[in-house]
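From first to last, the protein sequence lines are chains H and D.
Heads up, the first sequence is in this note's numbering, so the first residue is 904 and it goes up one at a time.
Heads up, the second sequence is in this note's numbering, so the first residue is 9 and it goes up one at a time.
Shown next, in structure tokens, is the structure this report addresses.
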Amino acid sequence: MDDLLSEFLTETNESLDVVDVELVRFEKDPTDKAVLDNIFRLVHTVKGTCGFLGLPRLESVAHASENVLGKFRDGELKVSTEAVSLILKSIDAIKTILAELEANECEPEGNDKELIDRLNEIASGKAAAVAAPAKVEEKKPAKGKKAPVKEDASNTFADGERKIEPVLGRDLLPGEVSMEDLEAAFNAAPGPDEDTSSATVAKSVPAVEETLGEHDDHVEDHEPAARVNAKTAKSKSDGANKNSDTSIANQSVRVTVDLLEDLMTMVSELVLTRNQLMQIVRDQDDSKFKVPLQRLNLVTTELQEGVMKTRMQPIGNAWQKLPRIVRDLSHELGKKIELKMIGAETELDRQVLELIKDPLTHMIRNSADHGLEKPDKRLASGKNELGTIKLNAYHEGGHVIIQISDDGAGLNIDRIKQKAISSGLATEAELEEMSDLQIGNFIFKAGFSTAEQITSVSGRGVGMDVVRTNIEKIGGTVDVRSTAGKGSVFTVKIPLTLAIVSALIVESYGERFAIPQISVIELVRASQNSEHKIEQLKSSPVLRLRDQLLPLVYLNDVLRMNRKAPIISDDAANQNEMMTGQAAKDDFVVVTQVGAFRFGIVVERVFDTEEIVVKPVAPILRHISVFSGNTILGDGSVIMILDPNGIANMYGNVAVDQEETKVEVAAVDGKDQKVSLLIFRAGDNTPKAVPLSLVARLEELDCSCLERSNGRDVIQYRGQLMPLVRVADNYPLKTEGRQQMLVFADETRTMGLAVDEIVDIVEDVLKIELTSETAGLVGTAVIAGHATEVIDVSHYLVVAFPDWFEESRKTRMKAARRILLIDDSPFFRNMLAPVLGTAGYKVTAVENAEQALALRDQGLLFDAIVSDIEMPGISGFELASMIKADDRWGDTPIVAISSHGTEDDFERGRAVGFSDYVVKMDRGALLRSLTETLSVYGEAV
Amino acid sequence: MSTNGIDADNDLRTAKMSSTADYVTMIVDNQLFGVPVLEVHDVFVPSKLAHVPMAPPEVAGVLNLRGRIVTAIDLRLRLGYAPRDPGVQAMAVVIEYHGEPYSLLVDAVGEVLSLEETSFERNPSNLDPKIRDVSEGIFRLDEKLMVVLQLDKVIQLLNGAMAA
Chain H
904 MDDLLSEFLT
914 ETNESLDVVD
924 VELVRFEKDP
934 TDKAVLDNIF
944 RLVHTVKGTC
954 GFLGLPRLES
964 VAHASENVLG
974 KFRDGELKVS
984 TEAVSLILKS
994 IDAIKTILAE
1004 LEANECEPEG
1014 NDKELIDRLN
1024 EIASGKAAAV
1034 AAPAKVEEKK
1044 PAKGKKAPVK
1054 EDASNTFADG
1064 ERKIEPVLGR
1074 DLLPGEVSME
1084 DLEAAFNAAP
1094 GPDEDTSSAT
1104 VAKSVPAVEE
1114 TLGEHDDHVE
1124 DHEPAARVNA
1134 KTAKSKSDGA
1144 NKNSDTSIAN
1154 QSVRVTVDLL
1164 EDLMTMVSEL
1174 VLTRNQLMQI
1184 VRDQDDSKFK
1194 VPLQRLNLVT
1204 TELQEGVMKT
1214 RMQPIGNAWQ
1224 KLPRIVRDLS
1234 HELGKKIELK
1244 MIGAETELDR
1254 QVLELIKDPL
1264 THMIRNSADH
1274 GLEKPDKRLA
1284 SGKNELGTIK
1294 LNAYHEGGHV
1304 IIQISDDGAG
1314 LNIDRIKQKA
1324 ISSGLATEAE
1334 LEEMSDLQIG
1344 NFIFKAGFST
1354 AEQITSVSGR
1364 GVGMDVVRTN
1374 IEKIGGTVDV
1384 RSTAGKGSVF
1394 TVKIPLTLAI
1404 VSALIVESYG
1414 ERFAIPQISV
1424 IELVRASQNS
1434 EHKIEQLKSS
1444 PVLRLRDQLL
1454 PLVYLNDVLR
1464 MNRKAPIISD
1474 DAANQNEMMT
1484 GQAAKDDFVV
1494 VTQVGAFRFG
1504 IVVERVFDTE
1514 EIVVKPVAPI
1524 LRHISVFSGN
1534 TILGDGSVIM
1544 ILDPNGIANM
1554 YGNVAVDQEE
1564 TKVEVAAVDG
1574 KDQKVSLLIF
1584 RAGDNTPKAV
1594 PLSLVARLEE
1604 LDCSCLERSN
1614 GRDVIQYRGQ
1624 LMPLVRVADN
1634 YPLKTEGRQQ
1644 MLVFADETRT
1654 MGLAVDEIVD
1664 IVEDVLKIEL
1674 TSETAGLVGT
1684 AVIAGHATEV
1694 IDVSHYLVVA
1704 FPDWFEESRK
1714 TRMKAARRIL
1724 LIDDSPFFRN
1734 MLAPVLGTAG
1744 YKVTAVENAE
1754 QALALRDQGL
1764 LFDAIVSDIE
1774 MPGISGFELA
1784 SMIKADDRWG
1794 DTPIVAISSH
1804 GTEDDFERGR
1814 AVGFSDYVVK
1824 MDRGALLRSL
1834 TETLSVYGEA
1844 V
Chain D
9 MSTNGIDADN
19 DLRTAKMSST
29 ADYVTMIVDN
39 QLFGVPVLEV
49 HDVFVPSKLA
59 HVPMAPPEVA
69 GVLNLRGRIV
79 TAIDLRLRLG
89 YAPRDPGVQA
99 MAVVIEYHGE
109 PYSLLVDAVG
119 EVLSLEETSF
129 ERNPSNLDPK
139 IRDVSEGIFR
149 LDEKLMVVLQ
159 LDKVIQLLNG
169 AMAA
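Listed below in structure tokens is the structure:
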């Protein structure tokens, strides 16, 4: 294509994008002169250049819209939505023509008479307005150049009239062309580098004249401009720019993306070679290469960063079109929408930027169409008529996080359920077992749309699945959180760049793999006799990490490497050793996070971290989802890069569910929560269950270790005597072989519960169907399709430590009172929730004061609040004062639970508004206290 | 492996015929296979082949060829022969398909033969399907038969099998 034309296309497209944004801004604040000036200038430049290039159709459209804009500027026309819409339309028309122009290098057939007529109508009194001489007195465009000659051009800028043409040093005559017009033409013409002969300039001027002449702009005197040769004109504009936009433009150089890509590839190769050299030198103790290599290392790193920077672009570039889209949507959908954009300056790799543009646009459309309600509905639900879509971008640990939130109605879980059933994605039974979060994620499945009506915007059944696919393609994740009535938040997490990543090199089964550092949270060394020991729950390996069980996957299992040996292998002997020695050796657990899920990948060895250049795998291997690419290491060997996403998907359910349960507990209603339950057998054949979170460890001990003391079974366990209790008194302990047990632990005390067999771990709703009077049983529930006895851990704690709870269970409440339980310790939450639940209360458990207050903001009401005192963040005392100070929950009684029970604490608790103060372990006292408190308050309310 | 006979024979025919084509010959389990010489980018002794877990069995692994990552396909497995005995060194023939480099692992690489079209014929009907899928036809050499490989099929079918 003609250089001139392609330059024109690039520039015009850029200008038009700016016009889009500016117009929307302008519509909001029609008094903002600067914005209008800018729009006018841009449209004018487009018009000017079109004329020069001989593109009449483009030019006429641009001209007509310029007229309207001119009227706006002169105050002759009031800014109206229709007028702005029309101008936007004409911008679209220009874009369409441009696209055609780009494809065919000539203007498409046809004319835009209708559009132009309407524009002219708006410009009132059509032809008269068009020919109005006033318009030629172009307000000085912001881009305008100061002439180095005589006049101090800044004056020209400063005074509002802007009629003084700096070059001429006098007012422009009607119909006279200002310097800028010529500049624009010059700029579009081949630069001085290509052709400095004044002949070209002279030639181009008549062209401009001709063009302008067509639109009644008479160039009466172009002499002064024509005399200026191209070179001086150029240097003038170089030296004298005031406007910051243009000065930046002048300092920057346009290079093709290809060139940058090439540079990047070369730097990548350089990094590889550097790594290779470093590796060689590392093995030699005193090499004379060390110092220069250090320097090379430094320079390479800087070069790499520099080149990376050239690829970085503010994310705002991807957002440019959004205000326009939202504006159009709000008209189309009849909704009032405000788009807030935060963090537009956040930079990321342009390659990534390109790839997220479309998904982002789609998500915004989605929020506007599905998320936000119509104004009347919003008003009815007590919200501001104006819906808000917020776009927020920020950096977080090598990732860019983009959040798209709206304050609309939130996801309609019921409708998603219906849709999931009708489209065969899930059965009713499956849905029953899913959390709202899981159901919400159905919107990312192919062919899913819940919009009742198919609008031109969305509801066509394609969309969020494409969004997800596209985001995942670049190693990103997307998920949605939604609160009914309050809106939804889509969170997109994408890597900063795709080219070079830092990766952890690990080995499993004699093969090395790279795990991108960004998804690695920590490394844990696990060995049989250390604190971190890999334990098996039936066949599922887990690791106790701080206060949580971390699900594990063995990398060699994931990769099914125990079946097939490599065909060519440098160290076959090594392989064999790996096969046999796997279990006995120390393992490393790479704790990995994918989205909100955490899991551990068990590997045999961990090497260094290395900067690796990600290369895509061959197409024939692309279907293997556990790899995201491959790379060449410093030593020249090729290794595969693991994709934690892919691994999580293979083993996902375990990890996903666990994490989601946690979220759910924190989330809203206490009913129908899913819990992980450990199923075991002891004594008889009835399966028994206990919430997994209560179990600290699973142990297996040789029966010879069993001792009896003071009429109780005890074992020496980790330097302490641990009582071992049985499920029922008549259930005999084994006398030989190994005895399995569940270990329950509190801060200082541990207790073992002897069991015959661990059966399984399942996720299910713990709903006690039949309560039990038998000591030690909470009741019977249907778990995984079987009637299962849910054991009452507190009972056994009492058996083991008679002082653990002093009181046994008391009377139950008649009506289901709602209790909010706030405790930061999962142990107590998990223990007290069932205790209170069994006593007939409906319990909602949250882990801190903030979540509790969030529930208050959601308008939930409780009959009583049971709160811990020592909590991170807002303490129980502070929470009580906050609750008492607010009307909403002001009358709700609060019972404090604490592990400390001094008289002072009691006093302080009462002072800030606690109704009662109970020592944490005293379950009986808590139930009693609640009964009393509720009966008092129950009457009062 | 003696190809002197073929060579001499070949020279003779070249003299007589003009329509010839050059093939790189490869040996897999004593069977001769040919690939058009222009398709072959490189022939080398592979070392440090990195195994790719979960890949189709025919994919022997990936290796580094002067900074490029090349996917190695074991022709023995691809064509349904028994796997190579452990410890036996294979040879790699590098080809390109859709801009991606692949290497074919074979037992040995022979010389380049100029073969005339008259000795070429379609696949016999009883040809093993595994070979027929990838064979363009057969050249009748004096002592041996050479199967001409269709490289796109060698790689494509692998793809297709996986997609299914």
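C-beta: ideal position from N, C-alpha, C; glycine also.
- Here residue 1703 of chain H is not near residue 1593 of chain H, since their CB atoms are 9 Å or more apart.
- Put simply, of D:51, D:46, D:28, D:27 the residue whose alpha carbon is nearest the alpha carbon of residue 34 of chain D is D:51.
- Here residue 120 of chain D has 30, 32, 45 as same chain residues with Cβ atoms under 6 Å from its own Cβ, once five neighbours each way along the sequence are excluded.
- Annotation for residue 1226 of chain H: the continuous alpha helix (DSSP H) segment containing it runs 1225–1236.
- The distance from the Cβ of residue 102 of chain D to that of residue 53 of chain D is about 12 Å, inconsistent with a contact at the 8 Å cut-off.
- Straight across, the Cα-Cα distance linking residue 1590 of chain H with residue 1775 of chain H is about 38 Å.
- Rounded to the nearest whole angstrom, the CA to CA distance from residue 1539 of chain H to residue 1183 of chain H is 11 Å.
- Contact check for residue 1310 of chain H against residue 1285 of chain H fails: the beta carbons are separated by 9 Å or more.
- Contact between residue 1548 of chain H and residue 1497 of chain H holds, with the beta-carbon distance rounding to 5 Å and staying under 8 Å.
- DSSP, read as helix, strand or coil, puts residue 1243 of chain H in strand.
- Between the beta-carbon of residue 1399 of chain H and that of residue 1302 of chain H there is about 7 Å, and that keeps the pair under the 8 Å contact cut.
- Pairwise C-beta distances place the stretch 106–118 of chain D in contact with the stretch 72–86 of chain D, as three or more of them are shorter than 8 Å.
- When only Cα atoms are considered, residue 1191 of chain H and residue 1511 of chain H end up about 24 Å apart.
- Against chain D, the beta carbon of residue 1529 of chain H has neighbours under 7 Å at 62, listed in chain order.
- Neighbourhood of residue 38 of chain D in chain H, by CB distance below 8 Å: empty, with the nearest CB roughly 19 Å away.
- With a beta-carbon spacing of about 12 Å, residue 908 of chain H and residue 1003 of chain H fall beyond the 8 Å limit used to define contacts.
- Under the Cβ criterion of 9 Å, residue 1518 of chain H is counted among the residues facing chain D.
- Excluding residues up to 5 positions away in sequence, 43, 47, 103, 105 lie with their Cβ nearer than 7 Å to the Cβ of residue 159 of chain D in the same chain.
- At least 9 Å separates the CB of residue 1181 of chain H from every CB of chain D.
- Note that the stretch 909–927 of chain H touches the stretch 1209–1229 of chain H; at least 3 beta-carbon pairs, one per stretch, sit closer than 8 Å.
- Taking 8 Å as the upper bound for CB-CB distance, residue 1653 of chain H and residue 1606 of chain H are not in contact here, some 19 Å apart.
- Contact check for residue 919 of chain H against residue 1018 of chain H fails: the beta carbons are separated by 9 Å or more.
- Interface with chain D (9 Å Cβ-Cβ cutoff): residue 999 of chain H is excluded.
- Taking residue 156 of chain D as reference, the option from D:163, D:147, D:164 with the minimal CA-CA separation is D:147.
- In this structure, residue 1181 of chain H lies near residue 1537 of chain H, with their beta-carbon atoms less than 9 Å apart.
- No residue range can be given for residue 1607 of chain H, since it is assigned to no beta strand (DSSP E) and is classified by DSSP as neither H nor E.
- Against residue 1533 of chain H, the close residues of chain D are 70, 77, in the order they occur along the chain (beta-carbon pairs closer than 7 Å).
- Judged by DSSP in its simplified three-state form, residue 1742 of chain H adopts coil rather than helix or strand.
- Under DSSP, residue 1518 of chain H takes part in a beta bridge, and its partners are H:1533.
- Linking residue 1437 of chain H to residue 1194 of chain H through their CA atoms gives a straight-line distance of about 44 Å.
- Bounds of the alpha helix (DSSP H) holding residue 975 of chain H are 959–977.
- With respect to chain D, the C-beta atom of residue 1004 of chain H has no partner C-beta closer than 9 Å.
- For the C-beta of residue 45 of chain D, not a single chain H residue is nearer than 9 Å; the gap to the nearest is close to 23 Å.
- Taking 3 residues as the shortest admissible run, the stretch 26–59 of chain D contains the following complete beta strand (DSSP E) segments, listed from N- to C-terminal end: 28–36, 39–44, 50–52.
- With a beta-carbon spacing of about 6 Å, residue 1837 of chain H and residue 1766 of chain H fall inside the 8 Å limit used to define contacts.
- Pairing residue 1012 of chain H with residue 965 of chain H, the inter-Cα distance amounts to about 17 Å.
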